[in-house]
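S.K.:
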RNA sequence: GCCCCCAUCGUCUAGUGGCCCAGGACGUCGGGUUCUCAGUCCGAAAACCGGGGUUCGACUCCCCGUGGGGGUACCA
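Here it is in structure tokens:
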């Protein structure tokens, strides 16, 4: 049997981190078995502009390297891949269900149903529709219609027995039929509802494994009923644990950003991202600039594989030690059996650590390629950069080492090399320049600098140590004010690297300018 | 209310009856190194939800609680 899995997003305009995890698992499973991964758009009764709401989702998946074999943009043998274009199949399924007696026309008004529902709840009993407005024959239907009632089609669920399913993640699960509602599958206007559409499409697209979030577990019996009634074979099911909020077990939601920001780790990730976005004129889309949404990471400069790798670990593990996987390794080692069944909370700190791991492993050239666009967008280098700018950037990347965690971090480490005058951080000035000794150290070092040859880290270090020794001061007493004088701030790459990259002229002029800020 | 699912350090997890007075990772804390930051090295604290069974023996199996989550729509 060919393995065919699918990811079926609604066109909402953004790609949710939990959705990515579901897509990733489906993709991994299909790739592992040499099968197909299909993208299907669940746009049943959607009124939005599908194209613009879909593009961010496709874009996000592409960026993450999750490629699909069939889908809305690439087509495929089972096209179309939009539910809104497959309604003929749904209508036919409804007719079949009606004909076989697995569904019926119902003319109850919503308020009448509510009444029954409330009564059942008050009695502490499960709600079971009385079917008093059900029309099992044409005459009855005509009579209700004559009363001005609108008819929908409902499933005629069994009221005894149970459904037993083997879920790849949860094992055996059982549902009593009598607890299942007579769900509506078709509205009075003829449009069909999600569960019906979903089942028909999964069958028509020959989906072999339905891998989806746990929130659908409770929906499975009604879907299985539809499938069985239509004479389909059931697909294999695997219900993934939910991706939960940081430090909680509640489903992660895009709408609760304000609440998540109370979590310190989450807030730090957000603020760090905002600082980067602000400098490249991004983050304006406040609605999608949110660590729950993939766009955020892309804009800030995370590595797509770091996100995939982190997400793979959310609910799945290979063994008790391995945490980092190449794409090939993950495809080879992934398995449904090793998916955990408990919800997993999204931990921005851990994502950060995985990102750190992969970013650190990149070469200077690779980092250069990722980071250059940020400098261009921030207006710090020309597009394309001059040879001199490119050289500076490379040296900064080299000198910055592990300090660069995401591509956007280059802005904070390279900016003072690329502008005429550094922006002076007032706190750093107050602490390191406005001191009794800063002026004398700066002057002494400047005097010595004229003769340093070559103007490279080793010679500069030697000169600084000699200056310190002559003044009877510690190295740190000179390093700090000099750093602030030439970079404007108190953190950055090693000072000798900074000096060498800036070059003699700029170092001297900045130090001289800084004299005016000394105490 | 009713139905379903779940339950190991703060977090992600390993553990399928003895290898576990529970292992790894992130984070946290303490210390070393360093010009700052980042890093790195060394070290530490930190968990089997509770109660009953089953068994020679339970983190592991069963039951009951408790807690958490999901579903219960003419949403997806």
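Numbering (the numbering used here), first residue to last: 815 to 1333. Ideal Cβ placement from N, Cα and C applies to all residues, glycine included.
#1: Determine the burial state of residue 1158: buried for a count of at least 16 other Cβ atoms within 10 Å of its Cβ, exposed for fewer.
#2: Taking contact to mean 3 or more Cβ pairs, one atom from each stretch, closer than 8 Å, check whether the stretch 1207-1227 and the stretch 1307-1315 are in contact.
#3: From residue 1021 to residue 1086, what distance separates their C-alpha atoms?
#4: Straight-line CA distance for residue 892 to residue 1039?
#5: Is residue 1240 near the ligand NAP, in the sense that its beta carbon is under 7 Å from a heavy atom of that ligand?
#6: Counting C-beta neighbours from all protein chains within 10 Å, is the total for residue 948 16 or more, i.e. buried, or is it exposed?
#7: Where residue 853 and residue 1137 are concerned, what is the direct C-alpha to C-alpha distance, given to the nearest angstrom?
#8: Count the other CB atoms within 10 Å of the CB of residue 1301; is the residue buried (16 or more) or exposed (fewer)?
#9: Could you tell me the distance, in whole angstroms, from the CA atom of residue 880 to the CA atom of residue 841?
#10: Skipping 5 residues on each side, what residues in its chain have a beta carbon closer than 8 Å to that of residue 967?
#11: Buried or exposed: which applies to residue 1109, given that a residue is buried once 16 or more other Cβ atoms fall within 10 Å of its Cβ?
#12: Please state the DSSP three-state secondary structure of residue 967.
#13: Given that a residue counts as buried once 16 or more other Cβ atoms are within 10 Å of its Cβ, and exposed if not, what is residue 1319?
#14: By how many angstroms is the C-alpha of residue 1147 removed from the C-alpha of residue 895?
#15: Would you kindly work out how many angstroms separate the C-alpha atoms of residue 1258 and residue 1243, rounded to a whole number?
#16: Can you give, in chain order, each stretch of the alpha helix (DSSP H) that sits fully within the stretch 826-913 and has at least 4 residues?
#17: Under 6 Å Cβ to Cβ from residue 828, same chain only, skipping five residues before and after it: list those, please.
#18: Identify the continuous alpha helix (DSSP H) that holds residue 1000 and give its terminal residues.
#19: Assign residue 1288 to one of three DSSP states: helix, strand, or coil.
#20: Determine which residues share a DSSP beta bridge with residue 981 and list them.
#21: Please identify the residue among 1115, 1123, 1031 whose C-alpha is closest to the C-alpha of residue 1180.
#22: Residues bridged to residue 949 by DSSP?
#23: Can you tell me whether residue 821 is helix, strand or coil according to DSSP?
#24: Once you ignore the five residues that flank residue 1237 on each side, which residues in its own chain have a CB closer than 7 Å to its CB?
#25: In angstroms with no decimal places, state the Cα-to-Cα distance between residue 987 and residue 1189.
#26: Are the CB atoms of residue 1036 and residue 1009 nearer to each other than 8 Å?
#27: Does the count of Cβ pairs from the stretch 970-984 and the stretch 815-828 closer than 8 Å reach three?
#28: Below 8 Å, how does it come out for the stretch 1193-1206 and the stretch 1123-1133: are there three or more Cβ pairs, yes or no?
#29: Near residue 941, what residues of its chain come up, given a Cβ to Cβ distance below 8 Å and the 5 sequence neighbours on each side ignored?
#30: Which residue from 1253, 1195, 1229, 1332 puts its Cα closest to that of residue 1312?
#31: Are the stretch 1049-1056 and the stretch 975-991 touching, with three or more C-beta to C-beta distances below 8 Å?
#32: Please go through the stretch 1007-1060 and give each complete alpha helix (DSSP H) segment of 4 or more residues, from N-terminal end onward.
#33: Count the other CB atoms within 10 Å of the CB of residue 1345; is the residue buried (16 or more) or exposed (fewer)?
#34: Using three-state DSSP, classify residue 1323 as helix, strand or coil.
#35: Where DSSP assigns a beta bridge to residue 1158, which residues make up the other side?
#36: Mind checking residue 1061: buried by the 16 CB within 10 Å criterion, or exposed?
M.R.: For this structure:
#1: Start at 1 with the first residue of the first chain, and residue 1158 comes out as number 344. Buried, because 16 or more other Cβ atoms sit within 10 Å of the Cβ of residue 1158.
#2: yes
#3: Translated into the one-based positions of the first chain, residue 1021 becomes position 207. Translated into the one-based positions of the first chain, residue 1086 becomes position 272. Cα-Cα distance, rounded: 41 Å.
#4: Taking the first residue of the first chain as position 1, residue 892 is located at position 78. Taking the first residue of the first chain as position 1, residue 1039 is located at position 225. Going from the Cα of residue 892 to the Cα of residue 1039 covers about 24 Å.
#5: Only the bare structure without any ligand can be found here, which leaves the ligand NAP out of the picture.
#6: Along the first chain, read from residue 1 onward, the residue named residue 948 stands at position 134. Residue 948 comes out buried.
#7: Indexing the first chain from 1 puts residue 853 at position 39. Indexing the first chain from 1 puts residue 1137 at position 323. Answer to the nearest angstrom: the Cα atoms are 28 Å apart.
#8: Locating residue 1301 in the first chain gives position 487, counting from the first residue. Under this definition residue 1301 is a buried residue.
#9: Your numbering for residue 880 matches position 66 in the first chain. Your numbering for residue 841 matches position 27 in the first chain. Their backbone Cα atoms lie some 7 Å apart in a straight line.
#10: To locate residue 967, count along the first chain from 1; it is residue 153. Answer for residue 967: 908, 911, 912, 917, 918, 919, 920, 998, 999, 1000, listed in chain order.
#11: Residue numbering aside, residue 1109 sits at position 295 when the first chain is read from its first letter. Under this definition residue 1109 is a buried residue.
#12: Here residue 967 refers to the residue found at position 153 when the first chain is read from its first residue. Note: residue 967 maps to strand in three-state DSSP.
#13: Position 505 of the first chain, counted from the start, is the residue given in the question as residue 1319. By the neighbour-count rule (16 or more Cβ atoms within 10 Å), residue 1319 is not buried but exposed.
#14: Taking the first residue of the first chain as 1, we reach residue 895 at position 81. Taking the first residue of the first chain as 1, we reach residue 1147 at position 333. C-alpha separation (whole angstroms): 30 Å.
#15: Here residue 1258 corresponds to residue number 444 of the first chain, with the count starting at 1. Here residue 1243 corresponds to residue number 429 of the first chain, with the count starting at 1. When rounded, the distance between both Cα atoms is 19 Å.
#16: 831-846, 864-877
#17: Position 14 of the first chain holds residue 828. Closer than 6 Å at Cβ, skipping near neighbours: 870, 1102, 1107.
#18: As a working mapping, residue 1000 is identified with position 186 in the first chain. That residue, residue 1000, is in no alpha helix (DSSP H); its beta strand (DSSP E) goes 998-1000.
#19: Your numbering for residue 1288 matches position 474 in the first chain. If DSSP states are grouped into helix, strand and coil, residue 1288 belongs with coil.
#20: Here the question's residue 981 lines up with position 167 in the first chain. Partner(s): 985, 1051.
#21: Position 366 of the first chain, counted from the start, is the residue given in the question as residue 1180. Among 1115, 1123, 1031, the Cα nearest to that of residue 1180 belongs to 1115.
#22: Counted from its first residue, the first chain places residue 949 at position 135. Beta-bridge pairing links residue 949 to 919.
#23: Here residue 821 refers to the residue found at position 7 of the first chain. Strand, per DSSP.
#24: Position 423 of the first chain holds residue 1237. The answer, listed in chain order, is 1302.
#25: Locating residue 987 in the first chain gives position 173, counting from the first residue. Locating residue 1189 in the first chain gives position 375, counting from the first residue. Taking the straight line from one Cα to the other gives about 54 Å.
#26: Position 222 of the first chain, counted from the start, is the residue given in the question as residue 1036. Position 195 of the first chain, counted from the start, is the residue given in the question as residue 1009. Contact: yes.
#27: no
#28: no
#29: The count along the first chain starts at 1 and reaches residue 941 at position 127. Here the set comprises 930, 931, 934, 935, 995.
#30: In the first chain, residue 1312 corresponds to position 498, counting from 1. Of 1253, 1195, 1229, 1332, the residue nearest in Cα terms is 1229.
#31: yes
#32: 1008-1018, 1034-1043
#33: There is simply no residue 1345 to check, as the chain begins at 815 and stops at 1333 in what is shown.
#34: The residue you call residue 1323 lines up with position 509 of the first chain. Reduced to three states, the DSSP call for residue 1323 is helix.
#35: In the first chain, the residue the question calls residue 1158 occupies position 344. The partner list for residue 1158 (beta bridge, DSSP) reads 1057.
#36: In the first chain, residue 1061 corresponds to position 247, counting from 1. Exposed: under 16 other Cβ atoms inside 10 Å.
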